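Order-wise, the sequence lines are chains B and Y. Using my numbering, read the first sequence as starting at 1 and increasing by one per residue. Using my numbering, read the second sequence as starting at 99 and increasing by one per residue. Positions of the beta carbon are idealized from the N, C-alpha and C atoms, including for glycine. Every value quoted in this text rests on a predicted model; they were computed, and no experiment measured them.
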Amino acid sequence: MPSVVTANRLNDGIVVYLAPDRTWTEDIVAAARAENEDEVKELEATAAEAVRERLVISVYPIPIEVKEDGTVDPISVRERIRASHRTTLTKDWYDVPL
Amino acid sequence: MYRYDEFDHAFVNERVGEFRDQVARRLTGELSEEEFRPLRLRNGLYLQLHAYMLRIAIPYGQLSPRQLRQLAMIGRKWDRGYGHFTTRQNLQFNWIKLVDVADVLAALADVEMHCIQTSGNCVRNVTSDPYAAAANDELEDPRVWCEILRQWSTLHPEFNWLPRKFKIAVSGAAEDRAATAFHDIGLRIVRGPDGENGFRVLVGGGMGRTPYVGQVIREFLPKEHLLSYVDSILRVYNLLGRRDNLYKARIKILVNALGIDKFREAVEADWQETNKDAVDLPEDEVRRIASYFAPPDLPERAPRDEALAARRESDSGFAIWYRNNVLAHRVPGYASVVISLKEPGRTPGDASSDTMELVADLAERFGHNEIRTNYTQNLVLPHVALADILALYDVLDEAGLAVGNNEMLGDMICCPGLDYCNLANARSIPIAKEIAKKFEDPVRQAEIGKLRVNMSGCINACGHHHSGNIGILGVDKRGTELYQITLGGSPKDDAAVGTIIGPGFRAEKVPEVIDTIVDTYVENRKEGESFLETWRRVGAAPFKEALYGAR
């Protein structure tokens with residue numbers, strides 16, 4: 001199962017993902033994907049550097065599912081909510097099935 | 099209400115400056131996250147799921163219009179235009195940027211507010227009855243003692259690093275509207291043997307993964323000894339409470355491990371040795387603080403308002419709102435009004451900046467400049483003339499805030515859950531919304547009667563599920579959100595922890611499950627019987643049968 005590495009940006013706390021160019025993106029689709037454990041470790045090492053550079057905090061890898069249309073869905077509900085960058089306050093979220 | 103003196107202003111401003119410096123040092127790398135985390139938590143700043151969350155203390159739930167307007171401004175300028183009123187009478191902003199926090203704290207200090215001790219293992223915001231100085235069953239104003247406890251506990255050198263967080267609630271009325279039995283210390287003002295007021299002191303109540311109803315440690319404590327006695331309770335806890343296991347560190351665990359008698363002995367022994375004169379507040383200082391809480395001058399008015407009576411006859415929506423949200427006041431011709439933040443389809447306890455400003459305006463126009471928050475996550479105008487109720491209602495109605503469900507099924511307590519919270523295992527807000535949708539019809543809610551439904555998105559129980567007549571607890575079972583139902587809890591004088599009724603349900607089933615429970619109650623109740631009375635009489639069997647019989 002592929003993984004991406006997520007974190008929160010230090011200066012505003014917003015959820016971000018490590019991109020292939022070592023920058024951090026809010027869009028999970030643009031995140032660098034690790035296909036095996038070694039690749040996860042590589043991403044984590046890059047992320048650890050970003051922690052030292054005070055770009056991000058609270059770094060960890062999450063398993064994802066890549067769909068046929070190219071969209072990315074985290075496996076856990078928690079990470080799906082984080083990736084959406086929004087909450088149920090939004091009225092249109094109201095009718096999304098539980 | 100209490101006004102800061104020069105010392106208070108200087109102290110809070112110094113703290114703002116200190117935190118501004120700490121944030122700057124974090125951003126330049128002088129402080130690591132490990133070093134910074136306890137400092138930010140001491141200032142109420144958490145890192146949640148989506149962003150930083152700032153928890154602002156609202157001491158004993160009391161706000162002035164100026165303060166509420168400032169909160170509205172903060173929400174608009176530094177957040178996303180809304181805040182969340184919590185079950186501890188506080189306010190949380192969910193999208194605050196670290197780089198803005200010092201400015202937010204400075205804006206709070208301008209209106210005599212702060213975030214100190216809204217996190218950490220210290221004495222948290224002291225909570226109270228939202229109808230203080232208004233309720234007709236009140237013996238004495240509890241806010242005076244809340245304020246004394248607030249000043250005493252703020253940065254108390256001995257009690258700033260307790261084994262775990264510590265929550266105190268004070269009620270001065272016959273009816274407990276502060277859930278005192280579910281606090282580390284619950285204080286009830288009662289009449290003593292000589293006709294003097296004092297405190298019945300409860301200790302060791304709490305929710306979380308090990309819920310307990312508080313036990314009486316002292317039937318009657320003379321008022322003048324409040325600080326020295328609370329001091330002794332905290333000292334015994336500080337010395338004997340567990341620090342090796344986060345889940346066993348609250349005072350409730352110590353009280354129940356020792357037994358209330360042994361715990362009491364330890365506290366009384368410490369108290370006997372205490373130099374009470376050095377700890378208890380001098381009488382004139384108590385009087386000085388009490389003077390801040392003089393109730394507004396409310397000249398008596400006619401106890402019946404004909405225009406109100408006529409509107410109740412002609413407008414069923416108004417009649418329902420009036421019946422549920424307008425409460426008796428101790429001065430004839432006045433009422434306390436609950437502004438429900440539980441409009442179906444919205445997040446329970448959330449208020450937009452626009453709403454906050456509107457309520458601030460209404461408090462000035464009709465409410466003698468006072469606003470309260472309550473632990474059921476609504477706002478209260480404690481002093482409104484009956485003659486002003488119609489005008490107030492019409493403004494609320496136009497703004498979509500005339501939601502007449504106070505203490506009814508729709509008035510659910512609901513924690514932020516997995517939509518915001520880093521600790522949560524399951525969502526609670528969408529479940530609350532779906533339940534609200536199912537029971538949207540106020541006529542049906544009226545038929546059901548008062549019913550407390552509380553929901554938490556994890557075992558930490560911020561949504562008070564243990565004390566709900568119907569409690570809903572979200573858990574994570576192998577990646578699926580599952581909801582456990584408890585029945586028979588109560589936060590009031592008959593405080594009780596709800597009983598788990600059986601296996602949990604998937605999210606989409608929960609509204610139907612609540613419907614079944616409500617139907618079972620309605621079918622089984624005798625005339626006039628509350629949910630709790632029916633539950634206590636018939637027991638779990640009919641509810642289990644209705645929920646699981648077909649399985």
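9 Å Cβ cutoff, residue i in contact with chain B
{"i": "I511(Y)", "result": "no"}
{"i": "Q146(Y)", "result": "yes"}
{"i": "Y420(Y)", "result": "no"}
{"i": "V636(Y)", "result": "no"}
{"i": "N141(Y)", "result": "no"}
{"i": "N476(Y)", "result": "no"}
{"i": "T445(Y)", "result": "yes"}
{"i": "A392(Y)", "result": "no"}
{"i": "Y150(Y)", "result": "yes"}
{"i": "A205(Y)", "result": "no"}
{"i": "I719(Y)", "result": "Since the first residue of chain Y shown is 99 and the last is 649, residue 719(Y) is not available in this structure."}
{"i": "D103(Y)", "result": "no"}
{"i": "A276(Y)", "result": "no"}
{"i": "A449(Y)", "result": "no"}
{"i": "A170(Y)", "result": "no"}
{"i": "A524(Y)", "result": "yes"}
Test: residue i CB closer than 9 Å to a CB of chain Y
{"i": "V16(B)", "result": "no"}
{"i": "T87(B)", "result": "yes"}
{"i": "D12(B)", "result": "yes"}
{"i": "N36(B)", "result": "no"}
{"i": "L98(B)", "result": "With a pLDDT of 36 at L98(B), under the threshold of 50, the predicted position of this residue should be treated as unreliable, and no value is reported."}
{"i": "Y94(B)", "result": "Per-residue confidence for Y94(B) stands at a pLDDT of 40, beneath the threshold of 50, marking its modelled position as unreliable; the derived number appears in the next sentence. It does: the Cβ of Y94(B) has a partner Cβ on chain Y nearer than 9 Å."}
{"i": "N8(B)", "result": "yes"}
{"i": "A19(B)", "result": "no"}
Whether residue i touches residue j by CB criterion (9 Å)
{"i": "G312(Y)", "j": "I557(Y)", "result": "no"}
{"i": "A277(Y)", "j": "P528(Y)", "result": "no"}
{"i": "A483(Y)", "j": "L425(Y)", "result": "no"}
{"i": "A122(Y)", "j": "G142(Y)", "result": "no"}
{"i": "I511(Y)", "j": "T185(Y)", "result": "yes"}
{"i": "I203(Y)", "j": "F117(Y)", "result": "The question names Ile, yet the displayed sequence has Leu at residue 203(Y). Yes, Cβ-Cβ distance for L203(Y) and F117(Y) is below 9 Å."}
{"i": "L152(Y)", "j": "L161(Y)", "result": "no"}
{"i": "D331(Y)", "j": "V299(Y)", "result": "First, the residue type needs correcting, since residue 331(Y) is Ile and not Asp in the sequence shown. Yes, the pair counts as a contact, with Cβ atoms nearer than the cut-off."}
{"i": "P309(Y)", "j": "Y473(Y)", "result": "no"}
{"i": "G270(Y)", "j": "I287(Y)", "result": "yes"}
{"i": "V242(Y)", "j": "V384(Y)", "result": "yes"}
{"i": "N234(Y)", "j": "Y158(Y)", "result": "no"}
{"i": "A30(B)", "j": "L43(B)", "result": "no"}
{"i": "N188(Y)", "j": "T471(Y)", "result": "yes"}
{"i": "V268(Y)", "j": "S217(Y)", "result": "no"}
Quiz item: Just by C-beta distance, which residues in the region 49 to 83 of chain B are closer than 8 Å to chain Y?
Solution: Listed by position, the residues of the region 49 to 83 of chain B near chain Y (Cβ gap below 8 Å) are V51, R54, I57, S58, I75, S76, V77, R78, I81 and R82.
Practice problem: Compile a chain-ordered list of the residues in the region 542 to 571 of chain Y whose CB is closer than 8 Å to at least one CB of chain B. | Solution: Within the region 542 to 571 of chain Y, not one residue has a Cβ closer than 8 Å to any Cβ of chain B.
Quiz prompt | alpha helix (DSSP H) runs contained entirely in the region 197 to 270 of chain Y, provided each spans 4 or more residues | solution = Complete alpha helix (DSSP H) runs here, min 4: 199 to 208 and 241 to 251.
Quiz prompt | Every unbroken alpha helix (DSSP H) inside the region 570 to 609 of chain Y [4 residues or more] | solution = Note on the region 570 to 609 of chain Y: there is no whole alpha helix (DSSP H) run with a minimum of 4 residues.
Practice problem: Could you pull out every unbroken alpha helix (DSSP H) segment of at least 4 residues lying fully inside the region 477 to 553 of chain Y, listed in chain order? | Solution: Fully enclosed alpha helix (DSSP H) runs of 4 or longer: 487 to 496, 527 to 536 and 540 to 546.
Quiz item: If you measure beta-carbon to beta-carbon, which residues of the region 495 to 519 of chain Y are closer than 7 Å to chain B?
Solution: If the cut-off is 7 Å between Cβ atoms, the region 495 to 519 of chain Y has L516, D517 and Y518 near chain B.
Quiz item: Would you say the region 440 to 451 of chain Y touches the region 176 to 190 of chain Y, given that touching needs at least three Cβ pairs under 8 Å?
Solution: A contact exists between the region 440 to 451 of chain Y and the region 176 to 190 of chain Y.
Exercise. Report the residues of the region 570 to 591 of chain Y with a CB closer than 9 Å to any CB of chain B, ordered along the chain.
Key: Within the region 570 to 591 of chain Y, contact with chain B at the beta-carbon level (separation under 9 Å) is assigned to D574, G577, T578 and E579.
Practice problem: Indicate whether the contact test is met: 3 or more Cβ pairs, each with one atom in the region 210 to 217 of chain Y and one in the region 70 to 85 of chain B, closer than 8 Å. | Solution: Taking a contact to require three or more Cβ pairs closer than 8 Å, the region 210 to 217 of chain Y and the region 70 to 85 of chain B do not qualify as touching.
Quiz item: Are the region 288 to 296 of chain Y and the region 357 to 372 of chain Y touching, with three or more C-beta to C-beta distances below 8 Å?
Solution: No, because fewer than three Cβ pairs between the region 288 to 296 of chain Y and the region 357 to 372 of chain Y fall closer than 8 Å, the two stretches do not touch.
Quiz item: In chain order, what residues of the region 285 to 313 of chain Y put their CB closer than 8 Å to some CB of chain B?
Solution: Listed by position along the chain: nothing, the set is empty.
Exercise. Entirely within the region 124 to 151 of chain Y and at least 3 residues each: give me those beta strand (DSSP E) ranges in chain order.
Key: Here the runs fully enclosed are 143 to 145.
Exercise. With a floor of 4 residues, list each alpha helix (DSSP H) that falls wholly inside the region 276 to 343 of chain Y, ordered by position along the chain.
Key: Counting only unbroken stretches of 4 or more residues, the alpha helix (DSSP H) elements lying wholly within the region 276 to 343 of chain Y are 324 to 338, in sequence order.
Practice problem: For the region 74 to 87 of chain B and the region 560 to 580 of chain Y, state whether three or more C-beta atom pairs, one from each stretch, are separated by less than 8 Å. | Solution: With the cut-off at 8 Å, the region 74 to 87 of chain B and the region 560 to 580 of chain Y touch.
Self-check item: Cβ-based contacts, 7 Å cut-off: residues of the region 184 to 209 of chain Y near chain B
Solution: Taking 7 Å as the Cβ-Cβ cut-off against chain B, the residues of the region 184 to 209 of chain Y that qualify are K195, L196 and V197.
Quiz item: For the region 101 to 133 of chain Y, which residues have a CB atom closer than 7 Å to at least one CB atom of chain B, in sequence order?
Solution: Listed by position, the residues of the region 101 to 133 of chain Y near chain B (Cβ gap below 7 Å) are L125, G127 and E131.
Self-check item: Contact the region 500 to 511 of chain Y vs the region 422 to 440 of chain Y: 3+ CB pairs below 8 Å
Solution: The region 500 to 511 of chain Y vs the region 422 to 440 of chain Y: in contact.
Practice problem: Counting only runs of 4+ residues fully inside the region 362 to 420 of chain Y, write out the alpha helix (DSSP H) ranges in chain order. | Solution: Here the runs fully enclosed are 374 to 377, 381 to 389 and 404 to 412.
Practice problem: Report yes or no: do the region 359 to 379 of chain Y and the region 329 to 345 of chain Y share at least 3 C-beta pairs separated by less than 8 Å? | Solution: Cβ pair count under 8 Å is three or more, so yes.
Self-check item: Three CB pairs or more closer than 8 Å across the region 47 to 62 of chain B and the region 7 to 14 of chain B
Solution: Put simply, the region 47 to 62 of chain B touches the region 7 to 14 of chain B. At least three CB pairs are less than 8 Å apart.
Quiz item: Are the region 534 to 552 of chain Y and the region 456 to 469 of chain Y in contact at 8 Å, needing three or more beta carbon pairs?
Solution: Contact between the region 534 to 552 of chain Y and the region 456 to 469 of chain Y is not established, with fewer than three Cβ pairs separated by less than 8 Å.
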